[in-house]
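K.L.:
This structure is in structure tokens; I'll ask about it shortly.
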Amino acid sequence: MTEQAYFVHPAGICESSTVGAGTRIWAFSHVLPGARVGSECNICDHVFIENDVSLGDRVTIKSGVQLWDGIRVGDDVFIGPNATFTNDRFPRSKRYPDSFAVTTIEDGASIGANATILPGLTIGKRAMVGAGAVVTRSVPPNAVVAGNPAQIIGYQSASETKQARLGTLSVLEASRLAVDGLPELSVNGCTLVQLPVFNDLRGDLMVAQFDQHLPFSPKRVFFVYHVPNDHVRGEHAHRECAQFLVALNGGLSVVVDDGVERQEIRLDHPGVGLLIPPLVWGIQYRFSADAVLAVFASHDYESNEYIRDYDEFLRLVTALESPT
Numbered sequence: 001m002t003e004q005a006y007f008v009h010p011a012g013i014c015e016s017s018t019v020g021a022g023t024r025i026w027a028f029s030h031v032l033p034g035a036r037v038g039s040e041c042n043i044c045d046h047v048f049i050e051n052d053v054s055l056g057d058r059v060t061i062k063s064g065v066q067l068w069d070g071i072r073v074g075d076d077v078f079i080g081p082n083a084t085f086t087n088d089r090f091p092r093s094k095r096y097p098d099s100f101a102v103t104t105i106e107d108g109a110s111i112g113a114n115a116t117i118l119p120g121l122t123i124g125k126r127a128m129v130g131a132g133a134v135v136t137r138s139v140p141p142n143a144v145v146a147g148n149p150a151q152i153i154g155y156q157s158a159s160e161t162k163q164a165r166l167g168t169l170s171v172l173e174a175s176r177l178a179v180d181g182l183p184e185l186s187v188n189g190c191t192l193v194q195l196p197v198f199n200d201l202r203g204d205l206m207v208a209q210f211d212q213h214l215p216f217s218p219k220r221v222f223f224v225y226h227v228p229n230d231h232v233r234g235e236h237a238h239r240e241c242a243q244f245l246v247a248l249n250g251g252l253s254v255v256v257d258d259g260v261e262r263q264e265i266r267l268d269h270p271g272v273g274l275l276i277p278p279l280v281w282g283i284q285y286r287f288s289a290d291a292v293l294a295v296f297a298s299h300d301y302e303s304n305e306y307i308r309d310y311d312e313f314l315r316l317v318t319a320l321e322s323p324t
């Protein structure tokens, strides 16, 4: 009889035969027969894993967690102590649905202690759910959420070694401090553009001359306003279309991501606009109540010109960067 390649504490129960090498299952944990557990996982004391559950590799599950039928966990996921998952929106004793809602925790995500995740949601890649958060909506990749109900309070740094929240560059502060021009952005092709602003007793005037300030002649313009503070817009990239964003009033935060670098810019001054080229993932959030965003686009609207899936975006930019 060959020695099993994973460890089960004498006080633990593992009924599954699908457990990867190097996984450790500690005392008073119980893994049911149908569960699938990857390699090098660490399942701490007092964890219960039901049948229709799959775990990727290098997953850490801290004490007091129950993973019910329908939970799908990717690689390198951290689930903090006493995090609570649900799989039935309308539970009744002794009444079972035909199928349980599927909840997906994607690669690299972290769930804080005592967080509650409603059924049928997706926690995106490298997202961070704060301790005690009550997650009622799916969380985008790289987002940081907290509170009840959970709201996006920031985005993760692109660094794999320093998974901290992004700092925010305010264009108002940048324009005040600029001596030799506005700072360069780290995201490929994104640029801050100074726009002329004239102030007098009659009010303020901002000018955007297309052949001078923009590298394209816009085909269309649209305006975004009256956005609730907890709502997120964008979350897509364009295949060919470039966009120029300027906050005409109030302020909002824009996250730009080229697949390698990620940066957050606070548009809070109409005298500075943000150029976003094609193949850059863009997100707008943290709108002030009075925010008015103007977006100038280089192309007419085409629905198939949008890339709305972050994994598809990463695959596309990676393929373009790979040598032929």
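Here UniProt numbering is used: the first residue of the sequence shown is 1, the next is one more, and so on.
Don't be surprised by glycine CBs; every beta carbon is placed ideally from N, CA and C.
Tell me whether residue 318 sits in a helix, a strand or coil according to DSSP, three-state version.
P.N.:
Correct three-state label for residue 318: helix.
K.L.:
Sort out for me which residues DSSP pairs residue 14 with in a bridge.
P.N.:
31, per the DSSP bridge assignment.
K.L.:
When the Cα atoms are used, what is the spatial distance from residue 218 to residue 111?
P.N.:
Rounded to the nearest angstrom, the two C-alpha atoms are 43 Å apart.
K.L.:
With burial defined as no fewer than 16 other Cβ atoms inside 10 Å of the residue's Cβ, what is the status of residue 383: buried or exposed?
P.N.:
A question about residue 383 goes unanswered here, because the residues of the chain that appear run from 1 up to 324.
K.L.:
Helix, strand or coil, according to DSSP, for residue 212 in the structure here?
P.N.:
Correct three-state label for residue 212: helix.
K.L.:
Can you give me the start and stop residues for the beta strand (DSSP E) that residue 220 sits inside?
P.N.:
It spans 220 to 225 - the beta strand (DSSP E) in which residue 220 sits, taken as one unbroken run.
K.L.:
Within its chain, find whatever has a CB closer than 8 Å to the CB of residue 305; leave out the 5 residues flanking it on each side and keep chain order.
P.N.:
For residue 305, where only same-chain residues beyond five positions count, the Cβ hits under 8 Å are 238, 239, 240, 241 and 299.
K.L.:
Output the distance between the C-alpha atoms of residue 46 and residue 66, rounded to the nearest integer angstrom.
P.N.:
Cα-Cα distance, rounded: 9 Å.
K.L.:
DSSP state of residue 171, grouped into three classes?
P.N.:
Residue state, collapsed to three classes: helix.
K.L.:
Quick one, which of 28, 18, 41 and 48 has its alpha-carbon nearest residue 34's?
P.N.:
When each option's Cα is compared against that of residue 34, the closest is 18.
K.L.:
Going straight from the alpha carbon of residue 157 to that of residue 294, what length do you get?
P.N.:
Rounded to the nearest angstrom, the two C-alpha atoms are 27 Å apart.
K.L.:
Closest by CA to residue 250, which one among 267, 260, 103 and 4?
P.N.:
Comparing Cα-Cα distances from residue 250 to each of 267, 260, 103 and 4, the minimum goes to 267.
K.L.:
Determine the burial state of residue 29: buried for a count of at least 16 other Cβ atoms within 10 Å of its Cβ, exposed for fewer.
P.N.:
Buried, since its Cβ has 16 or more Cβ neighbours within 10 Å.
K.L.:
May I ask which residues mark the beginning and end of the beta strand (DSSP E) holding residue 284?
P.N.:
Note, residue 284: beta strand (DSSP E), 281 to 285.
K.L.:
Can you tell me which of the three DSSP states residue 110 falls into?
P.N.:
In the structure shown, residue 110 sits in a strand (DSSP, three-state: E or B).
K.L.:
Check the DSSP bridge columns for residue 310 and list the partner residues they point to.
P.N.:
According to DSSP, which records beta bridges pairwise, residue 310 is partnered with nothing at all.
K.L.:
Should residue 258 go down as buried or exposed, given a rule of 16 or more other Cβ atoms within 10 Å for buried?
P.N.:
Looking at its Cβ environment, which holds 16 or more other Cβ atoms inside 10 Å, residue 258 is buried.
K.L.:
Shortest alpha-carbon distance to residue 181 belongs to which of 189, 193 and 170?
P.N.:
Considering only alpha carbons, the answer is 193.
K.L.:
Here's the rule: buried if 16 or more other CB atoms are within 10 angstroms of the residue's CB, otherwise exposed. What is residue 289?
P.N.:
Residue 289 is exposed by the Cβ-count criterion.
K.L.:
Return the CA-CA distance between residue 311 and residue 190, expressed in angstroms with no decimal places.
P.N.:
Rounded to the nearest angstrom, the two C-alpha atoms are 21 Å apart.
K.L.:
Report the start-end ranges of each beta strand (DSSP E) in the stretch 22 to 82 that is 3 residues or longer and not cut off at the edges.
P.N.:
List check, beta strand (DSSP E) in window: 53 to 55 and 71 to 73.
K.L.:
Do residue 272 and residue 223 count as a contact pair if the criterion is CB distance below 9 Å?
P.N.:
Cβ atoms of residue 223 and residue 272: not closer than 9 Å.
K.L.:
Would residue 243 be called buried (16 or more neighbouring beta carbons within 10 Å of its own) or exposed?
P.N.:
It counts as buried.
K.L.:
Just to confirm the assignment, what range does the beta strand (DSSP E) spanning residue 297 have?
P.N.:
It spans 292 to 297 - the beta strand (DSSP E) in which residue 297 sits, taken as one unbroken run.
K.L.:
I need the straight-line Cα distance from residue 314 to residue 281, nearest angstrom please.
P.N.:
Taking the straight line joining both Cα atoms gives about 9 Å.
K.L.:
How is residue 199 classed by DSSP in three states: helix, strand or coil?
P.N.:
Strand, per DSSP.
K.L.:
Alpha carbon to alpha carbon, what distance is there between residue 136 and residue 129?
P.N.:
Going from the Cα of residue 129 to the Cα of residue 136 covers about 12 Å.
K.L.:
To the nearest angstrom, report how far apart residue 80 and residue 117 are at their CA atoms.
P.N.:
Roughly 12 Å separates the two Cα atoms.
K.L.:
Using beta-carbon positions only, say whether residue 52 and residue 20 come within less than 9 Å of one another.
P.N.:
No, these two residues do not count as a Cβ contact at 9 Å.
K.L.:
Going by other Cβ atoms of all chains shown within 10 Å of its Cβ, with 16 needed for buried, is residue 125 buried or exposed?
P.N.:
Residue 125 is buried by the Cβ-count criterion.
K.L.:
Quick one, which of 247, 98, 226 and 164 has its alpha-carbon nearest residue 170's?
P.N.:
Closest option to residue 170, Cα to Cα, is 247.
K.L.:
May I ask you to list the residues that DSSP assigns as paired with residue 238?
P.N.:
In DSSP, residue 238 forms a bridge with 306.
K.L.:
Just the Cα atoms here: how many angstroms apart are residue 196 and residue 173?
P.N.:
Approximately 16 Å, taken between the alpha carbons.
K.L.:
Would you give the residue range spanned by the beta strand (DSSP E) that residue 133 belongs to?
P.N.:
Counting along the chain, residue 133 falls outside any beta strand (DSSP E), and DSSP gives it neither H nor E.
K.L.:
Mind checking which residues open and close the beta strand (DSSP E) that includes residue 379?
P.N.:
This structure leaves residue 379 out entirely; the chain is present only between 1 and 324.
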